[in-house]
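>
In the working numbering, the protein residues as written are 2 to 781.
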């Protein structure tokens, strides 16, 4: 007798009802008369006292060459062991006592066993014939070429989904665990072969068990037991979740992660997510020889474009907004502080300037204040005259800057080009007619012009303190110190020798007084756009390609639009970010600057330099949630994490580094946003500090109480709350549990308020953005 004829292994069956076990034991006794079958035993014959039953059973399955299981009355233990045996690549024979009454409907809805097949019997003799007739010991084959790294987790969902399942799915997404799922509402029945394939290509599985008080809980839990057994047999990462003590039997309770409230579930998901990430990373070759070298070599650049414009082109992310501006379709680029306005400004400017035939007027009037001009001149002009005066002022200033740029750019070129020589000389002569205006940088020239206008208007007005009427000719004389018509005519003759003219103005709003945006500030911007549009029309009519773009803050743009009767007149793009993948791409491009393969994904690099999860959430998502969806904030936070890790001698960014970096980052963010709010509404500059040590969720009454400590009236309180929403300090929680902030709805304040009103009857819960939790010591 050869070893190939011997059967060894386990016969599993439920302890109750007893007729099943009695028939199986009788059949085994008969088979044991033949020495070839003495290695096949029932679970009751195992030497279990004093040992863990699941350990002994699974060990016996592993050591045998065949596994029998009876499913006449399926229970969790037996179904789990069937899955384990198949996953362990053991020959699995399923039997069913046809003499006993069973639940056919249950079998049909479970769906596993009809695809696996089973051998029916009516008594011990029939079962003995099945056992002794078994010659094929080949296990079910499920070879795979590779694991699924893009969706590494397989999730088994119940038919009836409660708040617990909703929370589970939300937390899985929060941890950025991309998953495939079995959902009976979509698929209906679970095919054993499909389940085997899905588990085999997974890095891990998640199975929530359902309390027996819920409908169809028995069906789901049987499917879940089979999947769990498969995963254990294939040695996958496993998360079996159970709320309380029901329904998992004591035999396998040690395999289950129990929780009493959803917060405990989050901790289990966090540990599981870290294990999955580690599994994915172990299946990939390292991207560099040592992780600590990679962390130290990473060059994140500067968070502010002004500090990195020379290197920006190496990793700038070209977006559709950038392309619209480059095509000359846009007059205004609006965005919050840190959203990338200056980065677009520098990248666009540098690209256009590569063509020597382009003329680029790039103006960043930092420190420019129209305050004295406004107080001494504009406040004493009628509304119509005021707009005309500012427009004429901008037009004159832009013409002078075009002249200044051309004279500087073609200082040598015009000597070698006879088409340029004569108009250049005439332009130079005319421009230099006022020495003080022609010298210095842009800020100095602008300051000198405003000073001269102010002085001359004061002389013109004398001691009059009332509103003063000025005729158009008087305004022109007041403003212009050059022969502007002649200046314009020479430019119209000179510029056709160029390919295009670009007028780019950034930081205009930086120069405004830090006491809020006034109607005159908005009027200045509107008049600037009118002056640029006028020059564009004049030059384009002569065939000169001309484009003008102003870069401003969102709140300034909103005030501008509200002041216009024709709101569709100004073409614009918003740079506020809503796509998290694009934000991560900003980081990835900076990472690969050190010479890594450009085909590497963000995750490929990130998991080499940072822990995968923190507090139940994937680490990049955790940082993104605290970035306010601003590239500058994201870069600053990651730089803080990297710096702390290097200082602590860590080979990669650890959870401790992220937490410590958050303390510094969040505190600075509180200060920065307070200043931004103060620029718009000075009385509200300290409103964030009224939220210190509050809870992360507030009722409307609690929010009102905090704001009212500013000692302001009701109208102002409502305006302050709107500012807190606009700056994404507060949002509200939806029914799904996910928070909604202004950037969640594409920075559409009307949509945000509409969603908020829809929830007023159910009691709105305001939530404080996690970016501020550490800085404001928020309890959560």
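A virtual CB, placed ideally from N, CA and C, is assigned to each residue, including glycine.
No experiment lies behind these values; they were computed from the predicted model shown.
Output the distance between the C-alpha atoms of residue 691 and residue 708, rounded to the nearest integer angstrom.
So the alpha carbons of these two residues sit roughly 7 angstroms apart.
> Along the alpha helix (DSSP H) that carries residue 1, what are the first and last residues, could you check?
Residue coverage of the chain in this structure runs from 2 to 781, which leaves residue 1 outside it and unanswerable.
> Which residue comes first and which comes last in the alpha helix (DSSP H) that contains residue 69?
No alpha helix (DSSP H) holds residue 69; the beta strand (DSSP E) holding it covers 67-71.
> Which residue from 555, 662 and 90 puts its Cα closest to that of residue 230?
Comparing Cα-Cα distances from residue 230 to each of 555, 662 and 90, the minimum goes to 90.
> I think residue 689 touches residue 674, with their Cβ atoms under 8 angstroms apart; what is that distance to the nearest whole Å?
Contact flag correct, Cβ pair sits at about 6 angstroms.
> Taking the straight line between their C-alpha atoms, what separation do you get for residue 419 and residue 544?
Cα to Cα, the separation comes out at about 21 angstroms.
> Measuring CA to CA, which of 245, 249, 246 and 228 is closest to residue 239?
With distances taken between Cα atoms, residue 239 lies closest to 228.
> For the 8 angstroms Cβ check, are there 3 or more pairs between the segment 255-271 and the segment 111-118?
No: the two stretches stay apart, fewer than three of their Cβ pairs being nearer than 8 angstroms.
> With a 10 Å radius around its C-beta and 16 neighbouring C-beta atoms as the bar for buried, classify residue 266 as buried or exposed.
Residue 266 should be labelled buried.
> I'd like to know whether the C-beta atoms of residue 237 and residue 206 end up nearer to each other than 8 angstroms.
Taking 8 angstroms as the Cβ cut-off, residue 237 and residue 206 qualify as a contacting pair.
> So if DSSP puts residue 520 in a beta bridge, which residue, or which two residues, is it bridged to?
BP columns for residue 520 are empty, so no partner.
> Does residue 363 come out as helix, strand or coil in the three-state DSSP assignment?
Strand, per DSSP.
> Starting from residue 167, trace the beta strand (DSSP E) both ways and give me its first and last residue.
Not the beta strand (DSSP E): residue 167 falls in the alpha helix (DSSP H), residues 164-175.
> Check whether the segment 491-511 and the segment 345-359 touch, using three or more Cβ-Cβ pairs below 8 angstroms as the test.
A contact exists between the segment 491-511 and the segment 345-359.
> List the residues that DSSP assigns as beta-bridge partners of residue 503.
Looking at the DSSP assignment, residue 503 forms a beta bridge with 361 and 548.
> Report the rounded CA-to-CA distance for residue 337 versus residue 554, giving the unit in angstroms.
Roughly 5 angstroms between the two C-alpha positions.
> Is it true that the segment 80-99 meets the segment 126-139, where meeting means three or more beta-carbon pairs spaced less than 8 angstroms apart?
The answer is yes - the segment 126-139 touches the segment 80-99, with three or more Cβ pairs under 8 angstroms.
> Apart from the five residues just before and just after residue 1, which ones in its own chain have a Cβ nearer than 6 angstroms to its Cβ?
Here the chain covers residues 2 to 781 and nothing more, so residue 1 does not appear.
> Got a sec? Which residues, its chain only, sit under 6 angstroms from residue 181 by beta carbon, not counting five neighbours each side?
Answer for residue 181: 152 and 155, listed in chain order.
> Please give me, in chain order, every unbroken run of the beta strand (DSSP E) with length at least 3 that falls completely inside the segment 603-648.
You should have found no qualifying run.
> Within 10 Å of its beta-carbon, does residue 278 have 16 or more other beta-carbons around it, so buried, or fewer, so exposed?
Buried, by the Cβ-count rule.
> Mapping the DSSP letters down to three states, classify residue 343 as helix, strand or coil.
The answer is helix: DSSP assigns residue 343 an H, G or I state.
> For residue 249, report the span of its beta strand (DSSP E) as first-last.
Note, residue 249: premise wrong, no beta strand (DSSP E); not H, not E.
> Quick one: Cα of residue 422 to Cα of residue 484, how far?
The straight-line gap from Cα to Cα measures roughly 20 angstroms.
> Taking DSSP as the reference, what is the three-state secondary structure of residue 584?
Helix at residue 584.
> So does the segment 560-579 actually touch the segment 325-335, counting three or more Cβ pairs closer than 8 angstroms?
Contact holds: three or more Cβ-Cβ distances are below 8 angstroms.
> Is residue 185 helix, strand or coil by DSSP?
The answer is coil: DSSP assigns residue 185 none of H, G, I, E or B.
> Terminal residues of the continuous beta strand (DSSP E) containing residue 575?
573-575 is the extent of the beta strand (DSSP E) around residue 575.
> Let's see if you can read the secondary structure: which residues bound the beta strand (DSSP E) around residue 17?
Here residue 17 belongs to no beta strand (DSSP E), and DSSP marks it neither H nor E.
> How many Å lie between residue 704 and residue 407 at the Cα?
Roughly 56 angstroms between the two C-alpha positions.
> Need the endpoints of the beta strand (DSSP E) that residue 208 sits in, please.
Residue 208 -> beta strand (DSSP E) spans 205-210.
> Indicate the three-state DSSP secondary structure (helix, strand or coil) for residue 734 in the structure shown.
Residue 734 falls in the strand class under three-state DSSP.
> Between 764, 199, 655 and 659, which lies nearest to residue 698 when the distance is taken from Cα to Cα?
Of 764, 199, 655 and 659, the residue nearest in Cα terms is 764.
> Can you check whether the CB of residue 24 is closer than 8 angstroms to the CB of residue 128?
In contact: residue 128 and residue 24 (Cβ atoms closer than 8 angstroms).
> Would the beta-carbon of residue 646 fall within 8 angstroms of that of residue 296?
The answer is yes: Cβ separation under 8 angstroms.
> Please determine, among 665, 71 and 235, the residue with the shortest C-alpha to C-alpha distance to residue 143.
When each option's Cα is compared against that of residue 143, the closest is 235.
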